[in-house]
Structures are given as C-alpha cells and as structure tokens.
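K.L.:
Counting from 314, one number per residue, gives the positions in the sequence shown under my numbering.
The C-beta atom is built at its ideal place from N, Cα and C for all residues, glycine as well.
The structure follows.
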Amino acid sequence: MAIVRPEQPGDEAEIAAIHIAAFPDSTEADLVERLRGTEHWVPELSIVVQQETQLVAHVLLSRVTAGDAADALALGPVAVLPIHQRGGLGTAMVRMALDRARALGFDCVVAIGIPAFLTACGFRPAAPRGLTIEMDVPDEAFQVAELKPMGVLPGPVLWPDEWEGTGV
Ligand SMILES: CC(C)(COP(=O)(O)OP(=O)(O)OC[C@H]1O[C@@H](n2cnc3c(N)ncnc32)[C@H](O)[C@@H]1OP(=O)(O)O)[C@@H](O)C(=O)NCCC(=O)NCCS
C-alpha cells in the first residue's frame, strides 16, 4: 500500500538517499537541499511515495521562469529507488504532482530528461511551443506540460542560481 504525500519535516535524509541511490552522484540530492526553503520552493510540490515506513520515490517541482508564463515550474529532480524502477511508480507520481500543481493554479512545468519517461508523464516537446534554453540538449529531451489553456507562452527558460552545476 503506497501513500503519495508532500514531504514532511524529518524526510530530508531519506529523500537525499533516494536521489543518491538513483543517480551517479549527489548532484540531484544537493539540488534539493539548495532549493529547500528558498522562494522557488513550493512545499506542496515536494512529493514522496511512502510504502510501509519507507520512502521509495521523490519528485520536486519548483518555480522557474518559462517564457511569459506567470507561474511556471520545473520538474526535477525525480527518482525512484532502483529496486522499484520500471513498475509505473515514477509515471504515477509525476502525474499526481502535475495534478497538484494544476490545482494550485500553476501554468506549466518544464523538464529536461529522459524523453520517453517525460512523454509517459504527459509532457510534450517544448521547442515547438517557442520555449528556449541555452544548453545544448536534443529537442526531444526538453519538454513541457501545459496545465491550463494558454499556460505555455514563448520565451527563454531561466533557472534559479540554485540549479548551477546541475547541467541546466
Ligand atoms: C526515471 C525514473 C524516475 C522513472 O521512474 P520509473 O518508475 O522507473 O518509470 P516508469 O515505470 O513509470 O516508466 C514509464 C516509462 O518511462 C520510460 N522510461 C522510464 N525510465 C526510463 C529509462 N531509464 N530510460 C528510458 N525510458 C525510460 C519507459 O518508456 C517506461 O515504460 P516501460 O517501462 O514500459 O518501457 C526512474 O527510473 C529513476 O529514478 N531513474 C534514475 C533517475 C533518473 O534518471 N531520473 C531522471 C528522470 S527524467
């Protein structure tokens, strides 16, 4: 029985452990630490999946500038503990995070990541929507989920300083 819920005080170390287990190094865990508590952090949108007493997955949506959207978010990092991967958990968790962001009134969520996974979560290529990034990534890896009509408006995506060193 899995529970999907916002992170709570005391979850921090377990969330870091999920990212360290899923990624090659601590870059993503460190990003979560840097963003937590900043103006970009939306407490309801740091979401964990809890199975019994263990946290097995985490996704963060935090504020960025994306074109002319009034209230845009970025996806990342997102990770599922390796033993639980490829069972649909990541997709279900991200879809729930997008639903919660929509309910909070956000316009869109941008992401750079695994194209097939992002597509499975409901994202679509961002470049054809007029969004631009300075980094050199394949078009299909840069995607956006529109959360409301006219939620995606063209222009550059600007990442807060906390993202420096993560490759964006
Ligand atoms: C990426 C991740 C969050 C996906 O969560 P998950 O629960 O394992 O994925 P799902 O079972 O929901 O996958 C749904 C679909 O996304 C795609 N997908 C997921 N992970 C993928 C991968 N590593 N490579 C290519 N496609 C992938 C597949 O199309 C998959 O469907 P399939 O299993 O039927 O082929 C998880 O595997 C993970 O933590 N990976 C390491 C961290 C990482 O790379 N995060 C960045 C994500 S952008």
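Is it buried or exposed, residue 420, if we count other Cβ atoms within 10 angstroms and call 16 or more buried?
P.N.:
By the 10 Å Cβ count, residue 420 comes out buried.
K.L.:
If we require 3 or more residues per run, which beta strand (DSSP E) segments fall completely within the region 353-398?
P.N.:
Those beta strand (DSSP E) runs which fall completely within the region 353-398 and span 3+ residues are 354-364, 367-379 and 385-393.
K.L.:
Check the C-beta distance from residue 403 over to residue 370 and give it rounded, since I have them as a contact under 8 Å.
P.N.:
Contact flag correct, Cβ pair sits at about 7 Å.
K.L.:
Give me the Cβ distance between residue 444 and residue 380, rounded to the nearest whole Å; I'm assuming they're in contact under 8 Å.
P.N.:
That pair is a contact at about 5 Å.
K.L.:
Considering only C-alpha positions, which residue in the set 410, 325, 418 and 425 is nearest to residue 446?
P.N.:
Nearest option by C-alpha distance: 425.
K.L.:
So if I measure from each beta-carbon to every heavy atom of ligand 1 and keep distances below 5 Å, which residues remain?
P.N.:
In chain order, the hits are 335, 391, 392, 393, 398, 399, 401, 402, 403, 404, 426, 427, 429, 430 and 433.
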